[in-house]
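Engineer: Before anything else, here's the structure in question.
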Amino acid sequence: MVDSKGGFINDESAESSSTKSMDEWISRQKDSQPPLPLEHPDAPKCFDCGTAELDFRMYNWFKTRVCRSCRNKNPDKYSLLTKTECKEDYLLTDPELRDEELLPHVEKPNPHKTTYNNMMLYMRYQVEEYAFKKWGGPEGLDAEYEKRVAAKKKRKDKKFLDRLREMRRNTRAEIITRRSQDSGPHTHEWSEPVKNGNLINRRCMTCGMTTEELSFDI
Numbered sequence: 001m002v003d004s005k006g007g008f009i010n011d012e013s014a015e016s017s018s019t020k021s022m023d024e025w026i027s028r029q030k031d032s033q034p035p036l037p038l039e040h041p042d043a044p045k046c047f048d049c050g051t052a053e054l055d056f057r058m059y060n061w062f063k064t065r066v067c068r069s070c071r072n073k074n075p076d077k078y079s080l081l082t083k084t085e086c087k088e089d090y091l092l093t094d095p096e097l098r099d100e101e102l103l104p105h106v107e108k109p110n111p112h113k114t115t116y117n118n119m120m121l122y123m124r125y126q127v128e129e130y131a132f133k134k135w136g137g138p139e140g141l142d143a144e145y146e147k148r149v150a151a152k153k154k155r156k157d158k159k160f161l162d163r164l165r166e167m168r169r170n171t172r173a174e175i176i177t178r179r180s181q182d183s184g185p186h187t188h189e190w191s192e193p194v195k196n197g198n199l200i201n202r203r204c205m206t207c208g209m210t211t212e213e214l215s216f217d218i
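Here's what the structure looks like:
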């Protein structure tokens, strides 16, 4: 679910709208001229069906030899990914995504606001090939993703516990302050001593203060 600030909408609806917007933008881009006549024996051919009638926008942007029909039939291979999707879903870095030789990309005006940076778009199969090589296949990518999720949860849990401890310390300090104001100077009520080697530890049952003393018993 996605918070639309006016209620929640289904992720699939948002994704469908985003895909439609991307397809509309691609369709508005002028097709390029083929590098060679289509009947030339060395003319580039579609990866999948072998036709020379390629989508030359994809060919010029990504060096991807695919016709429009095959691109539409295989969105899992030929759809375009945003930079954010590449970073979040495939765990790629900014330097990797800026490297044109490593991962070709095309820039698209940001649909949300014209003053924002342009969107950077990448070919899905190229991103997957690089990410799987980097992480050791889809299993390696999944393992790294789970590792990062666990590390993020651990940091979040630690931050929560630190805040909880701080709240407890503040609460205890407030209680001690109120008690001292109500009943005068605080008198410690020490627990039974706990011996630890040459050290003796005691803890005030009221305020939580601890002491540590050296034992000189022979």
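Per the UniProt record's numbering: the sequence shown = residues 1 to 218. We put the beta carbon where it would ideally sit given N, CA and C, even for glycine. Values in this document were obtained by computation on a predicted structure and should not be read as measured data.
1. If I measure Cβ to Cβ from K87 and keep anything under 8 Å in the same chain, skipping five residues before and after, which residues do I get?
2. Cα-Cα, which of E100, K73, K108, K158 is closest to E24?
3. Tell me which same chain residues have a C-beta within less than 7 Å of the C-beta of L103, skipping the five on either side of it?
4. Could you check which residue in A143, R68, R168, M119 has the C-alpha nearest to that of T51?
5. Is the distance from the Cβ of S191 to the Cβ of M209 below 8 Å?
6. Applying the 10 Å Cβ sphere with the 16-neighbour rule, what's the burial state of V194?
7. Cβ atoms of V66 and L81: under 8 Å apart, would you say?
8. Would you kindly report the start and end of the unbroken alpha helix (DSSP H) that includes N117?
9. Between which two residues does the alpha helix (DSSP H) carrying L54 extend?
10. For a quick check, are the C-beta atoms of N110 and M119 less than 8 Å apart?
Structural biologist: Result, derived from the coordinates:
1. T93, D94, L97
2. K108
3. E96, L97, Y122, Q126, V127, Y130
4. R68
5. no
6. exposed
7. no
8. Premise fails: N117 is in no alpha helix (DSSP H) and is neither H nor E.
9. Segment: none, L54 is in no alpha helix (DSSP H) and carries neither H nor E.
10. yes
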